Amino acid sequence: MRDQNPEKLRTVKNLIIDMDGVLYCGREPLRGAKEFLSHLRRQGVPFILATNNSTLTPTQYVAKLGAMDIEVTEDRILTSGQATALYLSQVAQPAARVYAIGEAGLISALREQAFVITDEDVDFVVVGLDRELTYEKLEIATLAIRAGATFIGTNPDTTLPTEQGLVPGTGATLAALEAATGISPLTIGKPQPILLRLAMEKVGVTPEGTAIIGDRLETDVLGGKEAGLTTILVLSGISDREELATSPYQPDLVFDSIGDLHQAWRSRKGS
Ligand SMILES: [Mg+2]
834 MRDQNPEKLR
844 TVKNLIIDMD
854 GVLYCGREPL
864 RGAKEFLSHL
874 RRQGVPFILA
884 TNNSTLTPTQ
894 YVAKLGAMDI
904 EVTEDRILTS
914 GQATALYLSQ
924 VAQPAARVYA
934 IGEAGLISAL
944 REQAFVITDE
954 DVDFVVVGLD
964 RELTYEKLEI
974 ATLAIRAGAT
984 FIGTNPDTTL
994 PTEQGLVPGT
1004 GATLAALEAA
1014 TGISPLTIGK
1024 PQPILLRLAM
1034 EKVGVTPEGT
1044 AIIGDRLETD
1054 VLGGKEAGLT
1064 TILVLSGISD
1074 REELATSPYQ
1084 PDLVFDSIGD
1094 LHQAWRSRKG
1104 S
């Protein structure tokens, strides 16, 4: 464990917690995740689990975590699919017409906000990770954006870590559409501020006293810094010590794992 500034931890009252690489890797829970979340619940610490992944619904995340013996309720989860639908509900006309490239997590979030999912007379093209992406979907999206639809991406990640290695992420699809239209999307997920702002709104907190825990310097730490949060990096996921040493985005605190953070959290003064 490396704990550069223990004072920083003492001022943290609320937490935004990334999931992949922090609580689990693939289907494997990470050491200390279950215990830390139980501790937060017992202490009544406001927290939310926020992910750039838009493929699953909150119900599916509750089940995924439950299978790892990590107990959470749906109201503790914010995906980039939900954040995108929430953002649209703030800026779009009611019943706006949306063409969506994405999986269940994104489509059901858009339907929940009563948007019309269609490929005709489209007001918004919304793009998330879609593992059944086809040329036809890219074609429909391109024509709609060229005809004036607003272009929105759930998250900018160009790659997706899998057991086989890095494969194309949402950002790769966004890049294809950007190349075909000459238009850049507005992205909702980290490091952009919208998902983090909506996470804080959902918990009812402000940046002051709020920290983000994540495993990726260029999304969790950069996004946290831009949103004015305390930033905590755990080294159990994507970013390692080598990357940390040369990164322009330096977190306030670094721990090997959420288990080590839990230990420091318990022994902090005034807690
Ligand atoms: Mg992560």
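Using our numbering, you'd call the opening residue of the sequence shown number 834 and step up by one each time.
Don't be surprised by glycine CBs; every beta carbon is placed ideally from N, CA and C.
This structure is a prediction, so every number in the text was calculated from the model and none was measured.
query: The stretch 1005 to 1012 contacting the stretch 1045 to 1055, beta-carbon criterion three pairs below 8 Å; result: no
query: First and last residue of the uninterrupted alpha helix (DSSP H) at I910; result: Taken as a continuous stretch (DSSP letters only), I910 belongs to no alpha helix (DSSP H), being part of the beta strand (DSSP E) at I910 to T912.
query: Unbroken stretches of the alpha helix (DSSP H), 4 residues or longer, contained in the stretch 861 to 924; result: 866 to 876, 891 to 900 and 913 to 924
query: A980 (DSSP reduced to helix, strand or coil); result: coil
query: Cβ contact (3+ pairs, closer than 8 Å) linking the stretch 977 to 989 and the stretch 1063 to 1074; result: no
query: Pocket of ligand 1 (residues with CB nearer than 6 Å to any heavy atom), chain order; result: D851, D853, G854, V855, G1047, D1048, R1049 and G1070
query: For R835, three-class secondary structure by DSSP; result: Confidence at R835 is low in this model, with a pLDDT of 49, below 50, so the placement of that residue should be treated as unreliable; the coordinate-derived value is given next. Of the three classes helix, strand and coil, the one that applies to R835 here is strand, per DSSP.
query: Sub-9 Å separation of T992 and A980 beta-carbons; result: no
query: C-alpha distance - G1015 paired with V1000, whole-angstrom precision; result: 24 Å
query: DSSP three-state assignment for P1026, whether helix, strand or coil; result: helix
query: Best match in R1101, D1093 and S1100 for proximity to A866 [C-alpha to C-alpha]; result: D1093
query: Environment of N886 [buried if 16+ CB atoms lie within 10 Å]; result: buried
query: Boundaries (first-last residue) of the alpha helix (DSSP H) holding A1044; result: Careful: A1044 lies outside any alpha helix (DSSP H), inside the beta strand (DSSP E) at T1043 to G1047.
query: E945 classed as buried or exposed, judged by whether at least 16 other C-beta atoms fall within 10 angstroms; result: exposed
query: From K846, P1081, G877 and L1077, residue whose alpha carbon lies closest to that of G1089; result: This sequence places Asp at residue 1089; Gly is not what is there. Checked all of K846, P1081, G877 and L1077; the closest Cα to D1089 is L1077.
query: Nearest neighbour of L1028, chosen from L842, M852 and T884 [CA to CA]; result: T884
query: Reduced DSSP category for I1071 - H, G, I as helix; E, B as strand; rest coil; result: coil
query: Cα-Cα separation, E996 to L919; result: 31 Å
query: CB contact flag (A937, T967, <9 Å); result: no
query: Every unbroken alpha helix (DSSP H) inside the stretch 930 to 954 [4 residues or more]; result: 937 to 945
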